[in-house]
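Asks:
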Amino acid sequence: MKKQRSLDLDGLDGILRPAAEPRPPASRAWVVWSLLLLVIAAIGAAWVRNHPVPKLEWPETPNRSSNAVPAPPIPPSPPTKQAEAVAALPTTQDAEPTAPAESTPESVAASPVPAVEPQAKLELPTEPTAAGPVPANTDPVYIVYFKFNSTRPSKLSDAEKNRLLEQVKQCGQGIRIVGHTCNLGSDLSNRQLGQARAEALKIWLTGQGIAAPIETTTEGWNKPAASNDTPDGQKLNRRAEVRCLTP
């Protein structure tokens with residue numbers, strides 16, 4: 089069967105090109121891109137609402153204006169009576185009172201002097217001016233000196249301790265310890281303090297192995313070894329005298 093041929097009425101087939109297909113106008117592409125940008129913007133806005141950005145807070149800077157008036161300084165609070173009383177207390181136990189007898193009582197029942205060392209271990213000493221055994225023309229064989237308002241003696245070297253023990257061991261009939269004080273305080277309180285000093289020395293001698301019987305007594309301030317008018321004399325009166333009993 090033969091293929092039908094189209095009629096070329098104008099005789100221009102093969103000479104003229106076929107007409108081009110119609111293209112969409114440029115305005116349609118612009119609309120598509122605009123819609124795409126709107127969709128992206130909507131997605132970004134929704135993400136920002138769901139993920140808020142934290143707010144940055146900057147510290148406030150002080151107003152440095154020349155017209156700023158500085159705050160007046162806060163005046164210090166007045167000292168209380170308790171602070172004044174604490175400041176008036178002595179800081180060491182070595183300070184000795186220089187006032188007359190009625191100024192500061194030397195008593196066992198009195199409040200302890202600040203910074204007094206604990207009396208856990210007894211150490212036997214003498215004053216540097218009258219250390220060691222007393223002269224032969226005196227009754228005591230040894231004198232031990234004590235700190236102010238305390239039953240704790242001043243420190244003694246090992247040689248002085250040995251000398252004291254040698255003197256005490258010669259008391260074959262027994263030992264008597266007499267406690268003394270200075271003139272600060274009442275008669276009753278000083279008698280009690282002198283007795284406490286004699287008892288403390290007795291305990292130490294017993295702990296050192298002294299087997300001889302030991303008795304204690306007190307004279308208080310009644311028999312001073314030196315004048316109580318000076319601090320040095322008061323130091324010499326704070327003592328305990330060790331004596332040998334005679335048959």
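For any residue, its number in the working numbering is found by taking its place in the sequence shown, counting from 1, and adding 88. Using N, Cα and C, we set each Cβ at its ideal position, and we do this for glycine too.
1. Which value, in whole angstroms, describes the spacing of the CA atoms of residue 119 and residue 138?
2. Among all the DSSP beta bridges, which residues are the ones paired with residue 265?
3. Please say whether residue 269 and residue 308 have beta carbons closer to each other than 8 Å?
4. Among 320, 299, 322, 288, which has the Cα closest to the Cα of residue 259?
5. On the three-state DSSP scale, how would you describe residue 232?
6. I need the straight-line Cα distance from residue 257 to residue 284, nearest angstrom please.
7. Residue 387 by DSSP, collapsed to three states: which one?
8. Output the distance between the C-alpha atoms of residue 362 and residue 281, rounded to the nearest integer angstrom.
9. What does the Cβ neighbour count give for residue 243, buried or exposed, with the cut at 16 atoms within 10 Å?
10. Would you mind working out which of 314, 328, 329 sits nearest residue 322, comparing C-alpha positions?
11. Going by DSSP, which residues form a beta bridge with residue 241?
12. Have a look at residue 331 and residue 253 and give me their C-alpha separation to the nearest angstrom.
13. Could you have a look at residue 292 and say whether DSSP puts it in helix, strand or coil?
14. Once DSSP output is grouped into helix, strand and coil, what is the label at residue 309?
15. By the DSSP assignment, the alpha helix (DSSP H) with residue 252 in it spans what residues?
16. For residue 304 versus residue 265, is the C-beta spacing smaller than 8 Å?
17. Would residue 291 pass as a contact of residue 263 if the rule is Cβ separation under 8 Å?
18. Considering Cα atoms alone, identify which of 310, 267, 311 is closest to residue 329.
19. Would you mind giving the Cβ-Cβ distance between residue 232 and residue 272, rounded to the nearest angstrom? I have them listed as a contact below 8 Å.
20. Under a Cβ-count criterion, where at least 16 other Cβ atoms within 10 Å of its own Cβ denotes burial, should residue 41 be classed as buried or exposed?
21. Keeping to the same chain, check which residues put their C-beta closer than 6 Å to that of residue 51; ignore five residues upstream and five downstream.
Replies: Working from what's here:
1. 29 Å
2. 304, 330
3. yes
4. 299
5. strand
6. 23 Å
7. Limits of the chain in this structure are 89 at one end and 335 at the other, which puts residue 387 out of reach.
8. Outside the shown range of the chain, which is 89 to 335, sits residue 362, and nothing can be said about it.
9. exposed
10. 314
11. 234
12. 12 Å
13. helix
14. coil
15. 246-257
16. yes
17. no
18. 267
19. Incorrect: roughly 19 Å between the Cβ atoms, too far for contact.
20. Outside the shown range of the chain (89 to 335) lies residue 41, about which nothing can therefore be said.
21. The question about residue 51 has no answer, for the chain in this structure spans 89 to 335.
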